[in-house]
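Contents: one structure, followed by commentary.
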Amino acid sequence: MKLLDTVALLEDLPERKLYRGQVGTLVEELAPGVYEVEFSDDEGRTYASLALQLEQLLILHHKPFAA
Numbered sequence: 001m002k003l004l005d006t007v008a009l010l011e012d013l014p015e016r017k018l019y020r021g022q023v024g025t026l027v028e029e030l031a032p033g034v035y036e037v038e039f040s041d042d043e044g045r046t047y048a049s050l051a052l053q054l055e056q057l058l059i060l061h062h063k064p065f066a067a
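Per our numbering, the sequence shown starts with residue 1, numbered consecutively.
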């Protein structure tokens with residue numbers, strides 16, 4: 001994963017009002033395998049930003065891979 005990748009959350013975090021499938025952006029690598037992820041609404045306003053483990057995230061791809 002690299003900074004500014006789009007990711008989806010793989011687990012519910014009800015204490016943060018974040019749920020599986022919500023989409024965020026990697027904004028900083030805090031440690032190996034730990035990223036600050038920013039969650040924003042359709043108008044670009046951040047509603048959550050928190051540190052998450054790599055295992056909690058799924059990278060989303062917007063174009064096909066070369067075979």
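Don't be surprised by glycine CBs; every beta carbon is placed ideally from N, CA and C. Predicted model only: the values in this text are computed from it and were never measured.
Distance between ALA66 and LEU18 (C-alpha atoms, nearest Å): Position 18 of the sequence shown, counted from the first residue, corresponds to residue 18. Position 66 of the sequence shown, counted from the first residue, corresponds to residue 66. So the two alpha carbons sit approximately 33 angstroms from each other.
One or two residues paired with LEU13 in a DSSP bridge: Looking up residue 13 in the sequence shown gives position 13. Beta-bridge pairing links LEU13 to LEU18.
Among ARG45, ALA48 and THR25, nearest to HIS91 - alpha-carbon criterion: Because the chain here runs from 1 to 67, residue 91 falls outside it and cannot be looked at.
Please look up how many angstroms separate the CB atoms of LEU50 and VAL37, rounded, as I've assumed it's under 8 angstroms. By one-based count along the sequence shown, residue 50 stands at place 50. By one-based count along the sequence shown, residue 37 stands at place 37. Indeed they touch by this definition, with Cβ atoms about 6 angstroms apart.
Compute the beta-carbon to beta-carbon distance between PHE39 and GLN22, rounded to the nearest angstrom, for a pair I have assumed lies under 8 angstroms. On the sequence shown, residue 39 is found 39 positions in, with the first residue counted as 1. On the sequence shown, residue 22 is found 22 positions in, with the first residue counted as 1. Going by Cβ atoms, the distance from PHE39 to GLN22 rounds to 6 angstroms, so yes, they are a contact pair.
Measuring alpha carbon to alpha carbon, tell me which residue in LYS2, LEU4 and ALA8 is nearest LEU58. Numbered from 1 along the sequence shown, position 58 holds the residue referred to as residue 58. Cα-wise, what sits closest to LEU58 is ALA8.
Nearest CA to the CA of GLU28: which residue from ASP5, GLN56 and LYS63? What you label residue 28 is simply residue 28 of the sequence shown in a count that begins at 1. Taking only the C-alpha atoms, the option nearest GLU28 is ASP5.
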